[in-house]
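Quick note, the sequence shown lines up with residues -28 to -1, 1 to 225 if you use mature numbering (1 follows the signal peptide of the UniProt record, and there is no 0).
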Amino acid sequence: MAQFQSLIWIMNLAIILTLLLNIQLSSACGKAEYRTGVECCPMCSPGHRVHKHCTEFTVTSCVPCTGSTFLDEPNGLTACIPCTNNCDPGIGLTVKQPCRPSSDTVCGTLEGFYCLDPTKDGCRAAQRHSSCKPGQYISHTGTTSTDTVCSDCTGDTYSDGSFTSCQPHTQCDTLKLQQIKPGTHWSDSECGPQTSPPIEIIYAVVGVVLLAVIAAVVIVTTTRRKRKETVQRTYKLDFLDTGMGKKWTPFVE
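Here it is, written out as structure tokens:
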């Protein structure tokens, strides 16, 4: 029984020593090395994979990545990684940088799109820039990383949604034209040739005519009143001249 316990103790000790040895060997590998078995092998450089691991007497054998594969870091891998192939125009992406042995494909945004899911060097998903509505102007133009910002026009200005600032309404009177349609926040004033006198002239003419009519009425009324007074005075004079007891005939001018 004692011999059996001693054997178990020796086996446990061997296992512990083996683990300690592995830990020591692992910690002994440098930053530019990888472990294979008991060996610390030099890593392959970016763009290369391991062809043959190193041995006690040889160094690591590396070969370049081929086809649509890459490795972008120093490594001890025996196979390269397939390149990304999803720069889909349907989600606003385009190839910004094609795949290389030492780097993956980098996707960028199409013209008129901005990135929704950025990566270190590119983008995984994009969305089209917002369009401003009529009555709004583009206060901040969209970029590859930000959306367009729209603002409303105010006062006597307008924009069809594509302007970077609201434009003042055209003043028709300065062009010697008349306004056909007033301006709004989404459209300019419409001017055209004057087919009738301006409203100010019409008001002036009507005013003059009214004054002339009023003056004529006053003159006629005054003339009639004076003529009536003259006739009355003539009647009275004829009556005095002919006497009270005689019949007289009115004098009419």
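The beta carbon of each residue, even a glycine, is placed where N, CA and C say it ideally should be.
Can you round the beta-carbon distance between residue i and residue j to whole angstroms, since I take them to be within the 8 Å contact cut?
i           : j           : result
residue 43  : residue 52  : 5 Å
residue 230 : residue 25  : Absent from the model: residue 230. The displayed extent of the chain is -28 to 225, so no value can be given.
residue 128 : residue 86  : At roughly 33 Å, the Cβ-Cβ gap does not stay under 8 Å, so residue 128 and residue 86 are not in contact.
residue 18  : residue 45  : 6 Å
residue 68  : residue 55  : 13 Å between Cβ atoms; not a contact.
residue 84  : residue 112 : Wrong, their Cβ atoms sit about 15 Å apart, outside the cutoff.
residue 21  : residue 50  : 6 Å
residue 81  : residue 59  : The pair is not a contact, with the Cβ atoms about 10 Å apart (cut-off 8 Å).
By alpha-carbon positions, which one of the options ends up nearest to residue i?
i           : options               : result
residue 123 : 117, 133, 191 and 115 : 133
residue 37  : 8, 28, 9 and 73       : 73
residue 103 : 82, 156 and 135       : 135
residue 117 : 91, 138, 105 and 75   : 91
residue 126 : 148, 175, 32 and 159  : 159
residue 31  : 78, 55, 57 and 4      : 4
residue 39  : 75, 10, 195 and 84    : 75
residue 99  : 109, 115, 107 and 108 : 115
residue 156 : 131, 55, 96 and 97    : 131
residue 41  : 77, 111, 178 and 110  : 77
residue 147 : 106, 107, 165 and 89  : 165
residue 47  : 96, 15, 121 and 23    : 15
residue 109 : 11, 89, 137 and 176   : 137
residue 107 : 187, 197, 140 and 29  : 140
residue 61  : 145, 177 and 97       : 97
Specify, as a first and last residue, the run of the beta strand (DSSP E) that residue i falls within.
i           : result
residue 63  : Taken as a continuous stretch (DSSP letters only), residue 63 belongs to no beta strand (DSSP E), as it is neither H nor E.
residue 85  : 85 to 87
residue 98  : 98 to 100
residue 5   : 5 to 8
residue 24  : 20 to 24
residue 148 : Here residue 148 belongs to no beta strand (DSSP E), and DSSP marks it neither H nor E.
residue 156 : Careful: residue 156 lies outside any beta strand (DSSP E) and carries neither H nor E.
residue 14  : 11 to 14
residue 36  : 33 to 36
residue 79  : 78 to 81
Identify every residue that forms a DSSP beta bridge with residue i.
i           : result
residue 186 : DSSP lists no partner for residue 186.
residue 124 : 108
residue 42  : 53
residue 164 : 150
residue 138 : Its beta-bridge partners do not exist; DSSP assigns none.
residue 175 : Per DSSP, none; premise fails for residue 175.
residue 312 : The displayed coordinates of the chain run from -28 to 225. Any statement about residue 312 would go beyond what the structure contains.
residue 72  : 75
residue 95  : 90
residue 58  : Answer by DSSP bridge pairing: none, since residue 58 is not bridged.
Shorter than 7 Å, the distance from the beta carbon of residue i to the closest heavy atom of the ligand SAH, or not?
i           : result
residue 145 : As for the ligand SAH, it is missing from this structure, which has no ligand bound.
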